[in-house]
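J.: Please read through the structure below; I'll follow up with questions.
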Amino acid sequence: MSATFSRTLRSLDAGHGRRRTLFSLAATTLLAGWLVWFFWAEIPVHLVTDRGRLEVEQASHPIVASVAGTIVASRLSLGARVRTGDVLVQLDDRLARLSLEEARVNLEDRERRLEALETQMRAEESSASAEREATRAALAEAEASVAEARQGLETVEHELEVLERLAQNAVARESLVNKRAELAAARAALASRESSVLRVRQDRSVVERDREVRLAELRREATVLEGEARTAEAARRRLEVAVELHAVRAAIDGRIEEAKEGPVGAMVEAGGRLGAIVPPGEPRVVAWFPSTALGRVRPGQAVRLRSSGFPWTRFGTIPARVVRMAAESSDGKLRAEIAIEPSTVTQIPLQHGLPCTVEVEVERLAPFELVIRRIGRLLTTSGLEEDAR
4 MSATFSRTLR
14 SLDAGHGRRR
24 TLFSLAATTL
34 LAGWLVWFFW
44 AEIPVHLVTD
54 RGRLEVEQAS
64 HPIVASVAGT
74 IVASRLSLGA
84 RVRTGDVLVQ
94 LDDRLARLSL
104 EEARVNLEDR
114 ERRLEALETQ
124 MRAEESSASA
134 EREATRAALA
144 EAEASVAEAR
154 QGLETVEHEL
164 EVLERLAQNA
174 VARESLVNKR
184 AELAAARAAL
194 ASRESSVLRV
204 RQDRSVVERD
214 REVRLAELRR
224 EATVLEGEAR
234 TAEAARRRLE
244 VAVELHAVRA
254 AIDGRIEEAK
264 EGPVGAMVEA
274 GGRLGAIVPP
284 GEPRVVAWFP
294 STALGRVRPG
304 QAVRLRSSGF
314 PWTRFGTIPA
324 RVVRMAAESS
334 DGKLRAEIAI
344 EPSTVTQIPL
354 QHGLPCTVEV
364 EVERLAPFEL
374 VIRRIGRLLT
384 TSGLEEDAR
């Protein structure tokens, strides 16, 4: 009996020894693996921000009322596709159209009066041309008459000179008296005709001076009317723009993704936002990081995207990559543009405006480096707290 019990105890001791050996070997293996992992493994370090938003490549365009007014028609419907120039909201423009019609009538009146003045000036110029021709003809006739009278005078003078040399008897003397009388008449005729030439020239000068005065007055009136017509034209164009501003049009092609409720009859303020149009394009993510991310977040780094509305445990994450990173901060934030990987398949609807949490892999570190970094931060924080006390 005692021999059997001794063998049993030895068997138990041997079993415990083997288990201790196996346990020691397993513990040593685990410790060695842990040490290898602790010193040589690489763990990705992520920089996380919840200020991410899915957008298309082109920025969305707001639908804004340029002027205040009352809505008389609206085509704002979420999801509706629109093209550039489509009227989305029509504001009441009756007063603007009445003003435009008044400006058009005013402009037409100025144009008609200006046209009448131009016709009158052309008639004056045509009449002046005809009168100049008539005056030139009359002057030429008068000058020809003067030449004829002068020639006759010269003939009489020559005949008188001959008679004076030949005057020997009473008959010759009588002829001489008659010739002298004829000479006086010829001189008087010449003077009369020269006076006629002078009178024709003076009359022509007076007529031309009067006509120049009339034309100058007509030109002055035409200049005034031209200025008024230009002013009326500018007013017409301004009112056309004012009428056009009452039609809120689509500035780009795209889809209405935001629409403010505005029933017919509602008032809108100038500059009031009525909605937004999202243009077609590939989706991207715009994220804002703290300024401390400068130099850590760089183009080409891998990104994981999550959305709070779609739990990652069920819908997973969306792989992406940093495309552009701002070098200057705005209000202490850095803008980053992130492109979704082309081959991504996900159940999350990639639509404009979807909020995202962005995780950027900024580096890979061994666990011991992370521990050392953590200890350094704790020591730095403790030192700062002691300095503050």
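Numbering (the working numbering), first residue to last: 4 to 392.
Virtual Cβ for every residue (Gly too), placed ideally from N, Cα, C.
Asp53: buried (16+ other C-beta within 10 angstroms of its C-beta) or exposed?
T.: exposed
J.: Grab the span of the beta strand (DSSP E) containing Thr316 for me, first residue to last.
T.: Note, Thr316: premise wrong, no beta strand (DSSP E); alpha helix (DSSP H) at Trp315 to Phe318.
J.: Using only the alpha-carbon positions, how far apart do Arg338 and Ala238 sit?
T.: 46 Å
J.: Less than 6 Å between C-beta atoms, sequence neighbours within five positions excluded: which residues of the same chain meet that for Glu372?
T.: Around Glu372: no qualifying Cβ.
J.: In the DSSP assignment, find the beta strand (DSSP E) that holds Gly274 and state where it starts and stops.
T.: From DSSP, Gly274 is part of no beta strand (DSSP E); its letter is neither H nor E.
J.: According to the neighbour-count rule (16 or more other Cβ atoms, all chains shown, within 10 Å of its Cβ), is Met328 buried or exposed?
T.: buried
J.: What residue from Thr320, Phe318, Val300 and Gly335 has the CA that sits closest to Val326's CA?
T.: The shortest Cα separation from Val326 among Thr320, Phe318, Val300 and Gly335 belongs to Val300.
J.: Tell whether a beta-carbon distance below 8 Å holds between Pro322 and Glu344.
T.: yes
J.: In the DSSP assignment, what are the bridge partners of Arg47?
T.: The displayed chain sequence assigns Pro, not Arg, to residue 47. Answer is Arg367.
J.: Put Ser333 into one of helix, strand or coil per three-state DSSP.
T.: Reduced to three states, the DSSP call for Ser333 is strand.
J.: Hey, Leu91 and Ala253 are a contact pair by Cβ (cut 8 Å); roughly how many whole angstroms apart?
T.: Confirmed, Cβ separation roughly 6 Å.
J.: In this structure, does DSSP put Glu58 in helix, strand or coil?
T.: Strand.
J.: Going by DSSP, what residue range makes up the beta strand (DSSP E) through Gln423?
T.: Residue 423 lies beyond the stretch modelled for the chain, which goes from 4 to 392, so this question has no answer here.
J.: Please look up how many angstroms separate the CB atoms of Leu57 and Pro286, rounded, as I've assumed it's under 8 Å.
T.: 5 Å
J.: Could you tell me which residues DSSP puts in a beta bridge with His64?
T.: Ile280
J.: Once you ignore the five residues that flank Asp95 on each side, which residues in its own chain have a CB closer than 6 Å to its CB?
T.: Gly72, Thr73 and Val75
J.: Have a look at the DSSP bridge pairing and note the partners of Gln93.
T.: Ala76 and Ala250
J.: Using 10 angstroms around the beta-carbon of Ile378, count the other beta-carbons present and answer buried if the total reaches 16, otherwise exposed.
T.: Ile378 comes out exposed.
J.: Put Glu344 into one of helix, strand or coil per three-state DSSP.
T.: coil
J.: Quick check on Arg22: buried or exposed, where buried means 16 or more other Cβ atoms within 10 Å of its Cβ?
T.: Exposed is the call here.
J.: I want to know whether the segment 261-273 touches the segment 38-47 - three or more CB-CB distances under 8 Å.
T.: no
J.: Between which two residues does the beta strand (DSSP E) harbouring Leu297 extend?
T.: Careful: Leu297 lies outside any beta strand (DSSP E) and carries neither H nor E.
J.: Using alpha carbons as the reference points, say which of Ala194, Arg116 and Val374 lies closest to Gln154.
T.: Ala194
J.: In chain order, what residues of the same chain have a beta carbon less than 7 Å from the beta carbon of Ala391, not counting five sequence neighbours either side?
T.: At Ala391, the pLDDT of 43 sits below 50, so the modelled position is not reliable; the number obtained from the coordinates is stated separately. Excluding positions up to five away in sequence, the list is empty.
J.: Only counting the same chain, and skipping five residues up and downstream in sequence, which positions put a Cβ closer than 8 Å to that of Leu221?
T.: Same-chain partners within the cutoff: Leu120, Gln123, Met124 and Glu127.
J.: What whole-angstrom Cβ distance do Ser310 and Ile351 have, given they're in contact under 8 Å?
T.: 6 Å
J.: From the DSSP secondary-structure annotation, give me the bridge partner or partners of Leu308.
T.: Ile321 and Val361
J.: Pick from Gly257, Thr87, Thr349 and Val374: whose alpha carbon is nearest that of Phe318?
T.: Thr349
J.: Of all the options Ser208, Arg100, Ala30 and Gly88, which has the alpha carbon lying nearest to the alpha carbon of Val246?
T.: Arg100
J.: How long is the line joining the alpha carbons of Val251 and Glu272, rounded to whole angstroms?
T.: 13 Å
J.: Within the chosen definition, does the segment 126-144 reach the segment 202-221 through at least 3 CB pairs nearer than 8 Å?
T.: yes
J.: Which of helix, strand or coil does DSSP assign to Thr52?
T.: strand
J.: Hey, His355 and Glu264: beta-carbon distance below 8 Å or not?
T.: With respect to Glu264, His355 sits apart: the two C-beta atoms are not nearer than 8 Å.
J.: What's the gap between the Cα of Glu111 and the Cα of Arg212?
T.: 33 Å
J.: Where Phe313 and Arg307 are concerned, what is the direct C-alpha to C-alpha distance, given to the nearest angstrom?
T.: 14 Å
J.: What first and last residue would you give for the beta strand (DSSP E) that runs through Ala262?
T.: Gly257 to Ala262
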